[in-house]
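S.K.: One structure is given below, represented as C-alpha cells, and several questions about it will come after.
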C-alpha cells in the first residue's frame, strides 16, 4: 500500500515537474525569440560606435561599411559565424583592414574583438566588443571597464605589429612574452593577446587577397 | 491595508534583506562599488523578485510540496533569463554595465527566501508587493553602500550615470585632488561598510526600543 502511494507520489511529482519545466522553458524560448532582433540591432549599433574607436575617421575616405569581403570562419580568427573584413581606402589606395576576431579561451568564454590593421601590418587599435569576464577583475581588457583611463591595458597593441614585437614575443609576460597583464587576472589578458597575435597571422597570410577580392565577394 | 504597510516596513527596515536578513551578499558586496551600479542591480533584482513572487504565489496551489524548491528555482531562472534578455534588447548600455550580475540574480538567495517565506503562503497581490518591497529595500542599501564606497574611494558620486541617463555626469563631491581611498572600492571595503550599516541600524533600533520602554514605564521610577 505504502509502495503504491510512494509510486503515485513520485509519478505525480514527476508529471508536475515536467509540466512546469515545459511551461517555463516555453516562456524563455518565446522571450528569446522576441528579443533576438533588438539584441542583434543593439550589438550592431555598438559595433558602429566601436569602429570609430579603432579606425580614425581621417584614415579612410571610402564607404567603409559597403567595402567588405566575406571571409567565412577562418580558424585564425576564431569566429563562430561567418565574418566580414571591411577595407579602408584613402584616395583609392588600400590603407587598413577592419577584422573581427574571437578569443575562445577567456575566463568566461568568448571574448569578441575588433581590430584595425594597417597595410604595413601595424595594428591601429584593438577593442573588445563583447565579453563576460569577471567584473572588476578580468574585464579590464575592455577599455570601458579599464580603470586606468589614461593608459588602458588594451592600448599596448596600438601602433605595433610583428615587425615591432616578434610573433614569438607576442604573449603576456607570464608566458615569456612582452605584454603586461593584471596580476590575478592573467587569463583574460592572455586570451586577448593570443587572439590579436593569431589575427595578425591571418592578416599577413591573406593581406593581398583581402584587397584583391571584389566588394561583397568571398575570400 | 495594514498588510501592505507591514510589508513595506519589513522590506525597507525591519527585515531588510541586506542589513537585517543579511541575505544575497554576493551582489551586495560585488556590485556596490558605485551608487549607480548598486541601484541598477537592486532595481533589476526587485523586478525579478516581484515577478517570481507573483508567479509562485499564483501557482502555489499547483506546486507539490515535495518538489517546491526545484519548481521555485525553475521559476526564478526562467524569469531572470527573460529579464536578462529584455535588458540586453531594450536597455543595452545598462546591460553592459551590469554584465554578469543579472544572471547571478538566480543565485541570490533572498529571491528564493521570499518565495519560500512569503509567496508560498500568501495571495498573489501581497506576494508581488512583498517581492517588490524587499527588492526596493535591497536597492536602498545597495545605493547607500555603493554611494559611501564610491565617495570614500574616488571622491565622486553617481559615476557611470551617463550610461543610464545620457547627458548627465558624475558629481565631484570631494576636491579634485582627493587621493582616493582604494580599500573602500575593494571587497574588504564592502564588508566594512556593510558592517557599519548593520551596526548603525541596530543602534537606531536599540535607541528606538529604549525610547519606547522609557515611554511605557511610569515616570515615578
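Chains as they are written, first to last, in this note's numbering: chain A, 325 to 543; chain B, 30 to 250. All residues carry an ideal CB built from backbone N, CA and C; glycine is no exception.
Please identify, using Cβ separations under 7 angstroms, the residues of the segment 99 to 117 of chain B that lie next to chain A, in order along the chain.
M.R.: Residues 99, 100, 103, 104, 107, 110, 111, 114, 115, 117.
S.K.: Taking 8 angstroms as the CB-CB limit, is residue 456/A close to chain B?
M.R.: Cβ-Cβ to chain B under 8 angstroms: yes for residue 456/A.
S.K.: Assuming contact is defined by CB atoms lying nearer than 8 angstroms, are residue 160/B and residue 81/B in contact in what I supplied?
M.R.: The answer is yes: Cβ separation under 8 angstroms.
S.K.: Using a C-beta to C-beta distance shorter than 9 angstroms, which residues of chain A count as neighbours of residue 93/B?
M.R.: Within chain A, the residues near residue 93/B are 333, 336, 337, 340, 341.
S.K.: Rounded to a whole number of angstroms, what is the C-alpha to C-alpha distance between residue 181/B and residue 205/B?
M.R.: If you take the alpha carbons of residue 181/B and residue 205/B, they lie about 13 angstroms apart.
S.K.: Evaluate residue 480/A with the Cβ neighbour count: other Cβ atoms within 10 Å of its Cβ, from every protein chain shown; 16 or more gives buried, anything less gives exposed.
M.R.: Burial call: buried.
S.K.: For residue 251/B, report the span of its alpha helix (DSSP H) as first-last.
M.R.: Beyond the ends of chain B as shown, which are 30 and 250, falls residue 251/B; an answer cannot be given.
S.K.: Which value, in whole angstroms, describes the spacing of the CA atoms of residue 326/A and residue 93/B?
M.R.: For residue 326/A, the predicted structure reports a pLDDT of 49, less than 50, and the residue's modelled location is therefore unreliable. The matter cannot be settled from this model.
S.K.: Would residue 377/A pass as a contact of residue 401/A if the rule is Cβ separation under 8 angstroms?
M.R.: Taking 8 angstroms as the Cβ cut-off, residue 377/A and residue 401/A do not qualify as a contacting pair.
S.K.: Return yes when the Cβ of residue 477/A is within less than 8 angstroms of the Cβ of residue 513/A, no when it is not.
M.R.: Yes; because the gap between Cβ atoms is below 8 angstroms, this pair is in contact.
S.K.: Just how far apart, CA to CA, sit residue 33/B and residue 366/A?
M.R.: One C-alpha to the other measures close to 39 angstroms.
S.K.: What does DSSP give as the partner residue(s) for residue 392/A in the beta ladder?
M.R.: Residue 392/A pairs with 410/A.
S.K.: Could you have a look at residue 110/B and say whether DSSP puts it in helix, strand or coil?
M.R.: Residue 110/B: helix per DSSP, three-state reduction.
S.K.: Give a yes or no on contact between the segment 117 to 131 of chain B and the segment 353 to 369 of chain A, applying the rule of three or more CB pairs nearer than 8 angstroms.
M.R.: Contact between the segment 117 to 131 of chain B and the segment 353 to 369 of chain A is present, because at least three Cβ pairs lie under 8 angstroms.
S.K.: Taking the DSSP output, what are the residues bridged to residue 418/A?
M.R.: Looking at the DSSP assignment, residue 418/A forms a beta bridge with 413/A.
S.K.: Let me see if you follow: with CB-CB separation under 8 angstroms, is residue 220/B close to chain A or not?
M.R.: Output row for residue 220/B: interface = no.
S.K.: Taking residue 130/B as the reference, give the member of 141/B, 116/B, 170/B, 219/B with the closest Cα.
M.R.: Nearest C-alpha to residue 130/B: 116/B.
S.K.: When DSSP labels each residue in this structure, what does residue 467/A get in the three-state scheme?
M.R.: Of the three classes helix, strand and coil, the one that applies to residue 467/A here is coil, per DSSP.
S.K.: Roughly how many whole angstroms lie between the Cα atoms of residue 185/B and residue 210/B?
M.R.: The alpha-carbon atoms of residue 185/B and residue 210/B are separated by roughly 12 angstroms.
S.K.: By Cβ distance below 6 angstroms, which residues in the same chain neighbour residue 469/A in space, the five residues on each side in sequence not counted?
M.R.: Once the five neighbours on either side are set aside, the close Cβ partners of residue 469/A are 463.
S.K.: Output, in chain order, the set of chain A residues within a Cβ distance shorter than 7 angstroms of residue 119/B.
M.R.: Chain A residues near residue 119/B: 362.
S.K.: Can you name the residues of chain A whose CB is closer than 8 angstroms to the CB of residue 130/B?
M.R.: Correct list: 459.
S.K.: Would the segment 524 to 543 of chain A count as touching the segment 500 to 512 of chain A if we require 3 or more Cβ pairs under 8 angstroms?
M.R.: No: fewer than three Cβ pairs fall under 8 angstroms.
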